[in-house]
Amino acid sequence: MTRNRIKKAAALLGAAVIGTSLLTVPRAAWTHCDTLDGPVVAAARQALSSGDVTPTLKWVTPAQEAEVKQAFRHAVKVRALGPEARELADTHFFETLVRLHRESEGAPYTGLKPAGSVTNPAVLAADEALERGSVDSLVALVVQHVEHGLRERFERTYRLKARAEDSVEAGRAYVAAYVEFVHYAEALHSEPTSHGAEAPGH
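Numbered according to mature numbering (1 follows the signal peptide of the UniProt record, and there is no 0), the sequence shown spans residues -23 to -1, 1 to 179.
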């Protein structure tokens, strides 16, 4: 796969995961940082294991650091009281860190989700790409998804266009399909550019 193709296709990631959802899925539904096997909780586990809160601070804003550090100190003290206390302390720290991270993104905190809750293949592939150090599999997934979405909407719209003048009802069906097709294409083209480095809520 050429470098230019990878760059171009990767730019569509936001459209495949964001743009296709833009028409139907609320921002809060795009999260995976509130799961017990997500990256935020992973950072919290690392901090508790090492006794160093630093790995967690990248997930919050400077204004939230004090609360994270206070929660961390409290968790460390409570963990020393025994296995049950340790579990409670860990969970409370996980919840605090995830809640603050969500707040920093302007997203609501709805509690910790079980491990394995994330089923969106693009999200899983994105994490896997970072683990493997290669984006090729993710690019292929995104390109396939985008192509399918475009072709499906195009074929339906083109089919309805041929009958658009048969009746008002047929015309309205065509217009509805046309609007969806054009908005989908517009989102694919504009989302990667308009958002840049900004990511949807985790």
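For every residue, glycine included, the Cβ atom is placed at its ideal position computed from N, Cα and C. Being a predicted model, the structure only gives us computed values, none of them experimental.
Asked	Found
Beta-carbon proximity list for residue 46, same chain, < 6 Å, skipping 5 on both sides	30
Anticipated Cβ contact below 8 Å, residue 33 with residue 81, distance rounded	Between residue 81 and residue 33 the Cβ distance is about 12 Å, and since that is not below 8 Å, they are no contact.
CA-to-CA distance, residue 52 to residue 69, given in whole angstroms	8 Å
Alpha helix (DSSP H) segment containing residue 135, residue limits	113 to 138
Residue 106 to residue 143 span [Cα, whole Å]	50 Å
Simplified DSSP state of residue 33, which is helix, strand or coil	helix
C-alpha distance - residue 160 paired with residue 136, whole-angstrom precision	18 Å
Rounded straight-line distance, which links the Cα of residue 13 to that of residue -8	Low local confidence applies: a pLDDT of 45 at residue -8 is under 50, so the model's placement there is unreliable, with the coordinate-based value given in what follows. So the alpha carbons of these two residues sit roughly 25 Å apart.
Cross-strand partners of residue 90 (DSSP beta bridge)	12
First and last residue of the uninterrupted alpha helix (DSSP H) at residue 47	42 to 56
Assumed close pair residue 119, residue 99 - CB separation to whole angstroms, cut-off 8 Å	7 Å
Rounded separation between residue 36 and residue 155 - CA only	41 Å
Whole-Å CB distance - residue 74 paired with residue 21, under 8 Å assumed	5 Å
Backbone secondary structure at residue 153 - three-state DSSP	helix
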